[in-house]
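Residue numbers (my numbering), protein chains in the order written: chain A, 11 to 349; chain B, 11 to 349.
Glycine residues also receive a C-beta, built at the ideal position from the N, C-alpha and C atoms.
If you're wondering where the values come from, they're calculated on a predicted model, not measured in any experiment.
Step one of this worksheet: look at the structure below.
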DNA sequence: CAAGGTTTTGCAAACGTATGCAATGCCGGG
DNA sequence: CCCGGCATTGCATACGTTTGCAAAACCTTG
């Protein structure tokens, strides 16, 4: 209501300097004498002036906005990642324009278009894939892309994941060491690199020890499917005495489903998950799980994208971060072998 | 790499029209003959032109960006709200610039400044309060603000909440009808309107029936505090046979804590939560709870903020949306009275 | 004190779009 | 055939900033 927009010109007039001087005072790299800096700052705060990011973005071509495309927010892992990314980027003066693409691939294309309209400086995709065509378009527009918690084999694009193959191996080694002999696997979606890699590591370690899993079912990262898969396994001729589930979110559903049948965890069947979301530590689940170090992953992601923003031809990199297996009640270390 | 930026001028040249014509074709309200529309669209798609939102924002003063300030993302309710808001606003051509303010009030001030720098068209705060000074500044800048899931008594500012007082009342009526006589309450943070209102409704209904709660403790929306509070109640001379917990997130912690003591739910102590987040339906908790209709709340919020954006002097409104009590295993309808 | 170098400063031209204004084109009705 | 009215178009300007360039001011050194 008062004075709607106060511009750098207003400040300049009040401080008795040119408009460029005001601009330079508010531009980190620019030169201005201590005298004018003070005059300008005084005038600016008196008038309540703040530089207009839109105008700045238009001329510099840098918006200091980073687009985040995230698939599903019902798996607790992603809100956490979102929060971490938001904080880390804010600390560097960047901000997150958030899109949810619960749906399909064409939706992503559309979103990337929207993001480019906003002249975002970079794009982070959390657990959503990018078609090659799309990454090419981003590259052409000079927009760096980093995939969070998803790799892409074919194309040259930065990605940050946990060490999923190693993680799957850890789960297998742990279960075998605990004496399990009938081991099932409800995998993460096989259309995703995380799902595939964890499965590969898991099955590889089993095979290396001469073991064969009783069942392998794709849980599609879906509670319902995972729960049903667990029951299918238990109803079979060879019910497993341990199940490795592709992520915690599904593991909770599996535990719910087994308990509904009166199956005791871990006594009848042990469960291991993946992620170590906060709920895994809740007493109702007390889930043994392979931790994804979300903080380290977030840090790597922000460093990577900022590096690519400041130096446009920094090479794309893939970063894998190892995480420990966290032992809890759903799969104890010294499980007595089932008789 | 190819042609970095393709502008409306390039399109104009190729289509053989003026730059203004191109602009008008891409501006919804403007007039252009079918002939030029076609020519321009052809040239535009041939060149891969898309209007630069930054430039557009600068001149119109409208960025089509809405700032979202959200407090904590570990309570599942907020990711859900975020997802809903994001989708609803995207459908209207708006986008969300997301800030997390896990911390304190001064942080919010800073964030609002950042948002104003970006010329956001509106601000939605999810469960975070705004000082009067701050709302005044937004009003002065002509930026509408809508509070999601939080009310503010003193100041004239739009807010969307569920019917928290009524919800608290429902919880009380339900527990009394089920025959409980020793009823405790672990409230939501009393510094928040939601926490206060639910408590007010709950205690009011108890009092109206001549009942006095055994305990009332502020759970601060914190798992640890809530769990400890529950144990404190059970260790007291008058352990409650039912507890109303200020939100689901704390209720889960309470259930974990009680079970760790071997207390059976609902047989020894019934539990009611608030929110009806997805996890409340998970078998491990199976929580009776008062639903917050997040979809309706999201819809009301977007409608409200868009209305205030299009008509700057639309009045601030407060919307309360009623939600049902969802009966599940943690507090059944026909609880036998404890002897 | 003069000369040379360095910093500071103002001017003006961008950045890519929207839009008021006047001019042009088109249409039907008389 | 002419004229009034209306839709369409181009011209030019504005939005609020950054930044190259050259002039001006300052500091250092001999």
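Cβ pair residue i, residue j closer than 9 Å
i, j, result
"residue 242 of chain A", "residue 227 of chain A", "yes"
"residue 174 of chain A", "residue 203 of chain A", "yes"
"residue 279 of chain A", "residue 249 of chain A", "yes"
"residue 78 of chain A", "residue 105 of chain B", "no"
"residue 17 of chain A", "residue 85 of chain A", "no"
"residue 283 of chain A", "residue 294 of chain A", "no"
"residue 264 of chain A", "residue 239 of chain A", "yes"
"residue 196 of chain A", "residue 260 of chain A", "yes"
"residue 25 of chain A", "residue 34 of chain A", "no"
"residue 80 of chain B", "residue 54 of chain B", "no"
"residue 169 of chain B", "residue 161 of chain B", "yes"
"residue 181 of chain A", "residue 211 of chain A", "yes"
"residue 201 of chain A", "residue 256 of chain A", "no"
"residue 156 of chain B", "residue 314 of chain B", "yes"
"residue 308 of chain B", "residue 94 of chain B", "yes"
"residue 118 of chain A", "residue 83 of chain A", "no"
"residue 28 of chain A", "residue 110 of chain B", "no"
"residue 209 of chain B", "residue 198 of chain B", "yes"
"residue 229 of chain B", "residue 15 of chain A", "no"
"residue 286 of chain A", "residue 258 of chain A", "yes"
Opposing strand residues paired with residue i [DSSP bridges]
i, result
"residue 107 of chain B", "A/107, B/77"
"residue 304 of chain A", "Looking at the DSSP assignment, residue 304 of chain A forms no beta bridge with any residue, so it has no partner."
"residue 254 of chain B", "B/195, B/282"
"residue 170 of chain B", "B/158, B/329"
"residue 1 of chain A", "With chain A represented from 11 up to 349, any question about residue 1 of chain A goes unanswered, as that position is not in the structure."
"residue 225 of chain B", "B/194"
"residue 187 of chain B", "Residue 187 of chain B pairs with nothing; no bridge assigned."
"residue 132 of chain B", "B/76"
"residue 298 of chain B", "B/282"
"residue 335 of chain B", "B/300"
Among the options, the one whose alpha carbon lies nearest that of residue i
i, options, result
"residue 132 of chain A", "A/75, A/139, A/188, A/163", "A/75"
"residue 152 of chain A", "A/163, A/169, A/130", "A/130"
"residue 299 of chain A", "A/343, A/318, A/220", "A/343"
"residue 340 of chain B", "B/262, B/271, B/163", "B/262"
"residue 67 of chain A", "A/127, A/43, A/26", "A/127"
"residue 438 of chain A", "A/58, A/49, A/87", "The requested residue 438 of chain A does not occur in the structure, where chain A is confined to residues 11 to 349."
"residue 288 of chain A", "A/31, A/15, A/91, A/45", "A/91"
"residue 59 of chain A", "B/123, B/47, B/23", "B/123"
"residue 319 of chain A", "A/154, A/198, A/331", "A/154"
"residue 270 of chain B", "A/273, A/95, A/292, A/325", "A/292"
"residue 190 of chain A", "A/224, A/15, A/144", "A/224"
"residue 267 of chain B", "B/245, B/330, B/285", "B/245"
"residue 311 of chain B", "B/109, B/209, B/48, B/172", "B/172"
"residue 49 of chain B", "B/39, B/32, B/97", "B/32"
"residue 277 of chain A", "A/251, A/285, A/258, A/286", "A/251"
"residue 329 of chain A", "A/73, A/159, A/28", "A/159"
"residue 125 of chain A", "B/64, B/72, B/115, B/209", "B/64"
Any non-hydrogen atom of the ligand NAP closer than 8 Å to residue i Cβ
i, result
"residue 329 of chain B", "In the structure on display, the ligand NAP does not appear, and there are no ligands present to speak of."
Residues of the stretch 113-138 of chain B whose Cβ lies closer than 8 Å to any Cβ of chain A, in chain order: 123, 124, 126, 127, 128, 129
Chain B contacts made by the stretch 48-67 of chain A, where a contact means CB separation under 8 Å: Answer set for the stretch 48-67 of chain A: 60, 61, 62, 63, 64, 65, 67.
Short-range partners of chain B found in the stretch 244-272 of chain A, where Cβ spacing is below 9 Å: Taking 9 Å as the upper bound on Cβ-Cβ separation, chain B lies near residues 262, 263, 265, 266, 267, 269, 270 of the stretch 244-272 of chain A.
Contact list for the stretch 93-115 of chain B against chain A, Cβ threshold 8 Å: 93, 96, 97, 100, 105, 106, 107, 108, 109, 110, 112
Three-pair Cβ contact test at 8 Å for the stretch 215-223 of chain B versus the stretch 304-316 of chain B: no
Touch test, the stretch 329-341 of chain A against the stretch 175-182 of chain A, Cβ-Cβ under 8 Å, three pairs minimum: yes
Members of the stretch 71-84 of chain B that neighbour chain A once the beta carbon cut-off is set at 7 Å: For the stretch 71-84 of chain B, which is checked against every Cβ of chain A, the residues closer than 7 Å are 73, 83, 84.
Against chain B: residues of the stretch 282-297 of chain A by CB proximity under 8 Å: Listed in sequence order: 288, 289, 292, 293, 294, 295.
Chain-ordered residues of the stretch 302-325 of chain A with a beta carbon less than 8 Å from chain B: Correct list: empty, as no residue qualifies.
Under 7 Å (Cβ pairs) to chain A, residues found in the stretch 189-218 of chain B: Against chain A - using a Cβ distance shorter than 7 Å - the stretch 189-218 of chain B contributes no residues.
Members of the stretch 326-337 of chain B near chain A, C-beta cut-off 7 Å: none
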